[in-house]
Amino acid sequence: MRTTLTLDDDVAARLRQLQGFSSFKEAVNSVLRMGLEQLDCSVSTSPSPYKMQSVTLGAKIKNLDNIAEILDLAEADLHVLGRC
């Protein structure tokens, strides 16, 4: 099929830089095919559901008014993690 295609200068320059094509027409057709194949693949495959692993965040602090208890819990967590 014959058609007129207006390319931006930067796009035309990148197409001319491609190695391995015998003609500009061949380069344009090849790049268009690759782009269309990627579009087909992205439309046909459904994304997998997002999964997230849970982690423990340490002991729950029941009473925020008791600072000594909070510090004891924090220090105990550090010892368990091997940071002290």
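Residue numbers for the sequence shown follow our numbering, so the first one is 4 and each next one is one higher.
Ideal Cβ placement from N, Cα and C applies to all residues, glycine included.
Here the structure is a predicted model, which is why all the values come from computation and not from measurement.
- Assigned with DSSP and collapsed to three states, aspartate 13 falls in helix.
- Ranking Asp43, Ala77, Leu42, Leu18 by CA distance to the CA of serine 33 puts Leu18 first.
- DSSP places phenylalanine 24 in the coil class of the three-state scheme, outside both helix and strand.
- Straight-line measurement puts the Cα of glutamine 56 at about 24 Å from the Cα of leucine 76.
- Isoleucine 70 carries a helical assignment under DSSP once its states are collapsed to helix, strand and coil.
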